[in-house]
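Trainee: Everything in the sequence shown is counted per this note's numbering, starting at 29 for the first residue and increasing by one. First the structure, then my questions, so here it is.
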Amino acid sequence: MTDTASPFGDDPRRRIPRTDTLLADPAIRAAAGDLAPETVRECVREAQGRARSGTLAPEQVAGAVVAVLTDRSAVGTTLREVLNATGVVLHTNIGRAPLSPAARAAVLAASGYVDVEFDLDTASRARRGRGTLAALLDAVPDAAGALVVNNGAAALSLATTALSVAAGRPEVVVGRGEMVEIGDGFRLPDLIETTGVRLREVGTTNRTSVQDYADAIGPDTGAVLRVHPSNFRIEGFTGVPTIAETAALCRDRDVPLIADIGSGLLRPDPLLPDEPDAASVLRAGAHVVTASGDKLLGGPQAGLVLGDAALVERLRRHPLARAFRVDKLTLAALEATLRGGPTPTTTALHLTRDDLRGRTRAVADAVGGTVVETDGAVGGGSAPGLTLPGLAVALPESFATALRAADPPVVGRLEHGHCLLDLRCIPPDDDARLVAAVRAVAGA
Ligand SMILES: *Cc1c(COP(=O)(O)O)cnc(C)c1O
29 MTDTASPFGD DPRRRIPRTD TLLADPAIRA AAGDLAPETV RECVREAQGR ARSGTLAPEQ
89 VAGAVVAVLT DRSAVGTTLR EVLNATGVVL HTNIGRAPLS PAARAAVLAA SGYVDVEFDL
149 DTASRARRGR GTLAALLDAV PDAAGALVVN NGAAALSLAT TALSVAAGRP EVVVGRGEMV
209 EIGDGFRLPD LIETTGVRLR EVGTTNRTSV QDYADAIGPD TGAVLRVHPS NFRIEGFTGV
269 PTIAETAALC RDRDVPLIAD IGSGLLRPDP LLPDEPDAAS VLRAGAHVVT ASGDKLLGGP
329 QAGLVLGDAA LVERLRRHPL ARAFRVDKLT LAALEATLRG GPTPTTTALH LTRDDLRGRT
389 RAVADAVGGT VVETDGAVGG GSAPGLTLPG LAVALPESFA TALRAADPPV VGRLEHGHCL
449 LDLRCIPPDD DARLVAAVRA VAGA
């Protein structure tokens with residue numbers, strides 16, 4: 029690296045290496061690998077900018093460019109791995125569910141040419157993603173049909189559209205207390221009505237009865253929709269019919285019941301008593317269940333549709349199914365998630381305070397922090413209000429910003445004037461990297 033001594037006083041910005049000097053630097057050229065020249069220039073400009081703003085010393089610019097280029101040429105993406113020390117298991121801003129090692133391996137294995145839609149025995153077209161669908165049906169024997177689309181919102185939109193508008197009965201009956209906004213300003217009612225579905229709202233915000241649903245069902249009713257209020261809670265004078273009661277009505281009136289369970293739990297989990305699961309909801313009589321793949325199921329972003337074989341087939345034949353189709357990487361990751369052992373999501377959710385004590389003490393000792401009791405959360409709009417008793421390493425609040433800039437970036441939680449590092453969502457193998465990142469910040 030070449031720095032030119034400055035004749036212009038001691039403004040450190042004058043010591044920032046010039047672009048052509050950096051581009052000619054042998055270490056930078058080596059780190060660039062086969063990245064495009066524009067990408068290398070962009071990294072150089074970015075590091076110079078950090079030096080100009082004072083967050084990087086001029087002497088560190090070349091090293092910083094090498095580090096960024098090495099990362100980028102190795103993984104080819106600007107997405108950066110993050111150590112999740114927030115204690116929030118499904119954190120929407122950092123990618124919701126982390127994939128299991130098996131799912132990661134499956135993504136890699138499926139990334140070239142694969143027989144996703146091809147029968148190698150007969151050399152003819154085969155059902156796309158058949159292995160994944162078989163895994164779903166094995167995981168939920170109460171479902172006779174299964175379909176995978178891009179996300180939970182797509183599954184819901186497809187189910188309501190295919191069973192109402194496309195069947196010539198455009199109305200979908202839904203309870204007023206179940207008109208959910210799922211985040212970032214997106215509201216399920218708006219989504220559903222985009223395709224021409226007419227929502228017929230029944231009941232009130234806090235109470236809806238079977239009779240309300242019964243009164244609303246008419247010749248234009250294509251389906252009844254129940255939505256799990258996944259990201260909020262209403263307390264006090266409240267009441268909604270059970271799925272079984274709604275399903276009995278729907279059976280009587282010969283109208284399909286769609287249940288959006290949200291978080292993709294396939295079977296009951298005693299840790300999450302208020303979260304509906306696909307098996308129980310189907311057994312209670314729902315005809316079609318929709319859910320997310322990357323919430324409590326702990327898989328890739330996907331939308332699951334499970335239920336009556338003939339109804340699921342109607343969804344599969346609807347043109348929107350093609351627009352919502354998932355790619356081979358998702359199918360691979362989902363199949364591996366379904367066939368594999370506990371996901372990182374399940375493991376993190378079930379860690380107790382006692383489970384976390386040894387590791388948290390060790391990290392606190394290694395970085396000079398203190399151990400405090402804290403609560404983790406499920407996150408991702410699942411199980412609102414449920415806390416996961418745990419522990420954290422408390423550091424001065426000022427660490428938060430520096431840790432986000434560490435390598436790898438560490439995202440903690442700010443609480444009572446401290447930066448808390450909760451190990452719940454950190455794989456134990458990464459404890460050493462966490463310690464190294466904190467020490468680097470403390471030493472800087
Ligand atoms: C999260 C959620 C959705 C949306 O699922 P995505 O996979 O995020 O598209 C829809 N309905 C409910 C009840 C949810 O909780």
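The C-beta atom is built at its ideal place from N, Cα and C for all residues, glycine as well.
For E145, which beta-bridge partners are listed by DSSP?
Mentor: For E145, which the question treats as bridged, DSSP gives no partner whatsoever.
Trainee: How many Å lie between L325 and G211 at the Cα?
Mentor: Taking the straight line joining both Cα atoms gives about 19 Å.
Trainee: List the endpoints of the continuous beta strand (DSSP E) containing A420.
Mentor: From DSSP, the beta strand (DSSP E) with A420 extends over S410 to P424.
Trainee: For the beta strand (DSSP E) containing L285, list its first residue and its last residue.
Mentor: Here the beta strand (DSSP E) through L285 covers L285 to G290.
Trainee: Thinking just about the alpha-carbon of each residue, which of P455, D457, V466 and A433 is nearest to the one in L448?
Mentor: Considering only alpha carbons, the answer is V466.
Trainee: Using 8 Å as the threshold, is the C-beta distance between V495 and L216 below it?
Mentor: Not covered by the structure: residue 495. The range shown for the chain is 29 to 472.
Trainee: Starting from R49, trace the alpha helix (DSSP H) both ways and give me its first and last residue.
Mentor: Inspection of the sequence shows that residue 49 is occupied by Thr rather than by Arg. It spans T47 to A52 - the alpha helix (DSSP H) in which T49 sits, taken as one unbroken run.
Trainee: If you follow the beta strand (DSSP E) that A118 is part of, which residue opens it and which one closes it?
Mentor: For the sequence presented, residue 118 should be read as Leu rather than Ala. Residues V116 to L118.
Trainee: Should T374 and L419 be called a contact, given that it needs their Cβ atoms to be closer than 8 Å?
Mentor: Going by C-beta atoms, T374 is not nearer than 8 Å to L419.
Trainee: Quick check on the burial criterion: 16 or more other C-beta atoms within 10 angstroms. Buried or exposed for R100?
Mentor: Result: buried.
Trainee: Under the rule that 16 or more other beta-carbon atoms within 10 Å means buried, what is A171, buried or exposed?
Mentor: Result: buried.
Trainee: For ligand 1, is there any heavy atom lying closer than 7 Å to the beta carbon of G409?
Mentor: Within the cutoff, so yes.
Trainee: Of the choices D149, R461 and A361, whose alpha-carbon is the least far from that of A125?
Mentor: Ranking the options by Cα distance to A125, first place goes to A361.
Trainee: Which residues in the same chain as H315 place their Cβ atom closer than 6 Å to its Cβ, once the five residues preceding and following it in sequence are excluded?
Mentor: If we look at H315 and ignore the five residues flanking it on each side, its Cβ neighbours are P284, L285, G335, D336 and L339.
Trainee: Roughly how far, in whole angstroms, is the beta-carbon of V89 from the beta-carbon of I44, given that I think they are within contact range, below 8 Å?
Mentor: That pair is a contact at about 6 Å.
Trainee: Compare the C-alpha of V333 against each of D240, G173, D243 and A364 and name the closest.
Mentor: Of the candidates D240, G173, D243 and A364, the one whose C-alpha sits nearest the C-alpha of V333 is G173.
Trainee: According to DSSP, is H378 helix, strand or coil?
Mentor: Note: H378 maps to helix in three-state DSSP.
Trainee: Residues in the same chain with beta-carbon distance under 8 Å from G267, minus the five sequence neighbours each way, listed in chain order, please.
Mentor: The residues are N234, R235, T236 and S237.
Trainee: Restricting to Cα atoms, I'd like to know which of G408, S410 and V438 is closest to A464.
Mentor: For the residues G408, S410 and V438, the minimum Cα distance to A464 belongs to V438.
Trainee: Since E145 contacts R156 with CB under 8 Å, what's their CB separation in whole angstroms?
Mentor: Right, the Cβ-Cβ distance comes to about 4 Å (below 8 Å), so this counts as a contact.
Trainee: Less than 8 Å separating the beta-carbons of A390 and T398?
Mentor: Not closer than 8 Å, so no.
Trainee: How many Å lie between D302 and R452 at the Cα?
Mentor: Taking the straight line joining both Cα atoms gives about 22 Å.
Trainee: Consult DSSP for F352 and reduce its assignment to one of helix, strand or coil.
Mentor: The answer is coil: DSSP assigns F352 none of H, G, I, E or B.
Trainee: What do you get for G250, buried or exposed, if any count of 16 or more other CB atoms within 10 angstroms of its CB means buried?
Mentor: Buried, by the Cβ-count rule.
Trainee: Can you tell me where the beta strand (DSSP E) holding C447 begins and where it ends?
Mentor: Start and end: H446 to L449.
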